[in-house]
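In the order they appear, the protein sequences are chains U and S.
If you want my numbering, it's the 1-based position in the first sequence plus 297.
If you want my numbering, it's the 1-based position in the second sequence plus 65.
By construction, the Cβ of each residue, glycine as well, lies at the ideal position given by its N, Cα and C atoms.
Computed from a predicted structure; not experimentally measured.
One structure is given below, encoded as structure tokens.
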Amino acid sequence: MSENLPDYKSLKRGWSVSLTFALHDFQSQYLDSILGFIWALIKPLVLSGVYVVIFSSVVPPQGEDGESLYHFGLWVVSGMLPWFVIQESIHRGTFVFLDSAHLIRNHQVPLYVLPLQLVVSATISGLLALPVFILLKLLLGGGVNLSYLSIVLIIPLQLLFCFGITLITSSLTVFIRDVNHMVIALLTIWFFASPIVFPLEGLPWLLQQYWLNPMVSITSLYRQSLLLGCFPPAADWFWLVLHVSAVLLVGSWVYTRVQAVITDWV
Amino acid sequence: MTAIQVKNLSKAYHTKISSRRVLLRLLTGQEESLQGEEQSLALSELSFDVPTGQCLGIIGRNGSGKSTLLRILAGIVNPTSGTVAVNGRLSTVLDIQSGLNPRMSGRQNIYIKGALYGLGKAEINSRLDQIISFSGLSEYIDYPIHTYSTGMIIRLGFAIAMHMDFDILLMDEILSVGDMVFQRQCLSRIKQFLSEGKTIVLATHNLGDVSALCQRVLFLEQGRIRHDGMTESVLKEYWDICEKEQNKIPRALHPFNPENLYGTDTKDISITQVSIRGEAGAETTAFATGDAMEIRIGYHCRSPVENPLFRVQFFRNDGLFVHGTNTARAGLEVGRLESNGEVRLKYDTIHFLEGDYYLSIGIWPDEYSSTFTDIAYDCHQWSYVIQVTSKREDGGGIISNPCSWEVVEATNKNR
């Protein structure tokens, strides 16, 4: 199957096409609205605000000096930041080949561009939520840390992770429509099985395991760097890179197996 | 130089096997076992070359495989077996509207569609003005395209497609869009491409476009090449076949069969029998160009009729009125008819070229009512057909005008 793998040049073209599409996709979500893309900032702001208010009474773990290490509402929001991107990517990406049937039957675009552009578009929304989060943190008395820079590494990894999963689900959905519904159900389960609203320690032992749930390392990376202000430990990076490689490997394997006939079945 | 080389190309679609089982076989690497499953062949064993700079037309009836072939050439659909070798940059115009975002402006859509064709922002910028002026949209270019008319969207789509970089252009049934002016603009653009030595493959139902642009035509029938040759000879065969197919359409469904149009038939005089006779006076419907023909129209009067008009008209199967004559125009005074009889129309030679011609035969009160009203005594509309065959020497078109050629060379050779 190696002859089906795209070379560097076509990958580069695929990436630039995805980027163009993603920007237009993002743009078109806020077309014709008076506030335009400011909504992309208001949405996370409202959501984060709600969480901060709801969880303001929850007492977070305290440091040795008796002061709270972080605001629990912010803790939840920092877990939500990656989750929204992952959820939106998978949610929209899974059905993308069937949705774009007309497009792929009439244009010579590499098929993987379609899930990729949705992932990129979701990532752009996710990036816009970051300054909102930092603003909230500053308002609640937090500081600016150098560890924020870790995000430069986290975002590409998270993008590749979403792309890998979407590649699998979108390829399978072409042949088995049930995958789409299954994915939506699984996303709900995954949300509550991940340390997003519940602290990691509150989850069953199995779900706490790094190797099983990629969300454990992703949320940890976000919280370490954005909330606690320290550079994430190597273990978090290690597990995320491992998971990213795994889903990318499986994704590209499934994709290369079926991509030749996707156009015949959409 | 060969621009496109196609060898033993086949495309099969699986009709019975479920998509789940296809997926399973693909994932377990058993693609070969799919060959044994029931499948319908969209294309079978096609082989042809397209030399660089040629304009190849692909014609065929619906479902003959034209679009599938173009999609395979474009690399969008993968062939089941066989190979396609393309030498040069390829651009495809299979569908004008797909990929356009209706809520975005025409200008933004140029970038979107351009990205689909593989062009970056800078490359689009350099040809933006050309595209906008070709589309003729002027200030509307900044309006969202859901406010456009269908024609405007098509003009935009076409303008974008016509300004991409390519050596080989594949087009599917898109020239016949837009108004006359825009069509002409597109045709001249395509001719310009051809003069620049670019290769064009054009699938269409519009035989006019084919004969205007293509040197060579591929006639597909049920996924096979029925004829591959010079435009004129292939078009003639295609036309014949379509005509034969059309003759199979039951008369009641025929688009040009307004038999009951003349509901106000007064029946004072009616047509009893019509016979069409050939050279030897025998009844026939088969003629050759240049033959003699006689049409005998039998009539029966229930009450005396003063100077009626007898009319014979010939139509091509697409409704084109080819020839007609009536007794009044011919200066024949029919007089008072009282009982039975026959009116005979004689042609010493007929000048129709090859094809089927439908006859309408009627009896009318006078020339005015035959031309402007539906009030006939009796009329058999499109009720008879003759088949004409002709020879190459008779010429092309629908009529043969006897003629001769002559070459007159200037005697002064020291020009």
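Close beta carbons around residue i, own chain, < 8 angstroms, minus the five adjacent residues each side
i, result
"Ser98/S", "Arg90"
"Leu278/S", "Cys120, Gly122, Leu252, Ile255, Lys256, Leu259, Ile265, Leu267"
"Glu96/S", "Arg90"
"Lys332/S", "Arg367, Tyr442, Asp443"
"Glu344/S", "Asp356, Ala357"
"Ile559/U", "Phe394, Ile401, Leu408, Ser468, Val471"
"Glu348/S", "Ser340, Ile341, Arg342"
Residues near residue i in its chain [Cβ-Cβ closer than 6 angstroms; skip 5 each side]
i, result
"Thr157/S", "Ala139, Leu235"
"Tyr507/U", "Val513, Ser514, Trp536"
"Leu159/S", "Asp237"
"Glu471/S", "none"
"Pro320/S", "Unreliable positioning characterises Pro320/S in this predicted model, as indicated by a pLDDT of 49, which lies under 50. The coordinate reading is nonetheless provided below. Closer than 6 angstroms at the Cβ level, and outside the excluded window around Pro320/S, lies no residue."
"Leu437/U", "His368"
"Gln378/S", "Gly389, Ser425"
"Pro144/S", "Leu74, Lys76, Ile137"
"Leu342/U", "Val429"
"Ala150/S", "Gln70"
"Trp380/U", "Ile493"
Residues of its chain near residue i, where Cβ-Cβ distance is below 7 angstroms and the 5 sequence neighbours each way are ignored
i, result
"Val393/U", "Leu411, Pro412, Leu415, Ser467"
"Gln119/S", "Thr264, Gln280, Arg281"
"Ile464/S", "His416, Phe417, Leu418"
"Arg168/S", "Pro209, His211"
"Gln104/S", "Ala77, Tyr78, His79, Thr80"
"Val480/U", "Ile387, Thr391, Thr466"
"Ala395/S", "none"
"Ser307/U", "Pro407"
"Ile189/S", "Ile175, Tyr176, Gly179"
Buried or exposed (CB count within 10 angstroms, at least 16 for buried), residue i
i, result
"Phe489/U", "exposed"
"Lys434/U", "buried"
"Ala187/S", "exposed"
"His399/U", "exposed"
"Arg389/U", "buried"
"Leu111/S", "buried"
"Thr391/U", "buried"
"Val350/U", "exposed"
"Thr553/U", "buried"
"Phe437/S", "exposed"
"Ser276/S", "exposed"
"Gln455/U", "buried"
"Asn573/U", "In the structure as shown, chain U starts at 298 and stops at 563, and residue 573/U therefore has no counterpart that could be examined."
"Arg401/S", "exposed"
"Lys309/U", "exposed"
"Asn325/S", "For Asn325/S, the predicted model reports a pLDDT of 42, less than 50, meaning its position is unreliable and no value from the coordinates is stated."
Rounded Cβ spacing between residue i and residue j (contact assumed at less than 8 angstroms)
i, j, result
"Gln162/S", "Ile218/S", "6 angstroms"
"Val399/S", "Thr392/S", "6 angstroms"
"Leu202/S", "Gly179/S", "With 8 angstroms as the limit, Leu202/S and Gly179/S do not qualify as a contact, their Cβ atoms being about 16 angstroms apart."
"Ala77/S", "Ala107/S", "7 angstroms"
"Val408/S", "Ile362/S", "5 angstroms"
"Gly153/S", "Asp230/S", "Contact flag wrong, Cβ pair sits at about 10 angstroms."
CB of residue i within 8 angstroms of CB of residue j, strictly
i, j, result
"Val142/S", "Thr133/S", "yes"
"Tyr519/U", "Ser325/U", "no"
"Phe257/U", "Tyr327/U", "This structure leaves residue 257/U out entirely; chain U is present only between 298 and 563."
"Leu573/U", "Ala543/U", "Nothing in the structure corresponds to residue 573/U, since chain U is present only between 298 and 563."
"Ser335/S", "Tyr442/S", "yes"
"Ser129/S", "Asn73/S", "no"
"Thr296/S", "Ser455/S", "no"
"Val453/S", "Tyr422/S", "yes"
"Val382/U", "Thr420/U", "yes"
"Glu359/S", "Leu410/S", "yes"
"Asp293/S", "Leu283/S", "yes"
"Phe458/U", "Val541/U", "yes"
"Ser109/S", "Gly288/S", "yes"
"His404/U", "Asn166/S", "no"
"Ser313/U", "Gly185/S", "yes"
Partners in chain B for residue i, counting only beta-carbon separations shorter than 7 angstroms
i, result
"Ala268/S", "Protein chains U and S are contained in the structure displayed, whereas chain B is not."
Quick one: any contact between the segment 524-533 of chain U and the segment 440-452 of chain U, if contact means 3 or more CB pairs under 8 angstroms? Judged by Cβ distances under 8 angstroms, the segment 524-533 of chain U makes contact with the segment 440-452 of chain U, as three or more pairs qualify.
Any chance the segment 332-347 of chain S sits against the segment 445-456 of chain S, with 3 or more Cβ pairs inside 8 angstroms? They touch, by the three-pair rule.
Would you check if there are 3 or more beta carbon pairs closer than 8 angstroms linking the segment 420-435 of chain S to the segment 357-373 of chain S? Touching, yes.
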